[in-house]
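Take any residue in the sequence shown, note its place counting from 1, add 1297, and you have its number in the numbering used here. Working notes, beginning with the structure itself.
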Amino acid sequence: MPNGSKTLLYTGLILTIIPLLFIVTGGIPAIAGSEGVAYAIALGCIILVIAGVLMLIGSLIGMVARRF
1298 MPNGSKTLLY
1308 TGLILTIIPL
1318 LFIVTGGIPA
1328 IAGSEGVAYA
1338 IALGCIILVI
1348 AGVLMLIGSL
1358 IGMVARRF
């Protein structure tokens, strides 16, 4: 696996797991002082998760394409 795919894979994992843990454990209401801030933080976490999943997909496509 080339270094670029490894970096993309690890970055994708971090961007997927950490925001999900933040949402699941209830960390957003603990930080947010108002409902609007909580929604903004939740939306940011969801965007990070989507970016992480896209990075994982790109890494997997790169690994498969490298073999052919």
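Just so you know, even glycine gets a beta-carbon here, dropped at the ideal spot from N, CA and C. The structure displayed is predicted, hence computed values, not measured ones.
DSSP, reduced to helix, strand and coil, places T1313 within a helical segment of the structure shown. Spatial neighbours of L1310 in its own chain (CB-CB distance under 8 Å, excluding positions within 5 residues in sequence) are listed in chain order as G1349 and L1353. In this structure, L1312 sits away from L1340, with a CB-CB distance that is not shorter than 8 Å. Here DSSP, grouped into helix, strand and coil, assigns F1319 to helix. In the structure shown, the three-state DSSP call for S1331 is coil.
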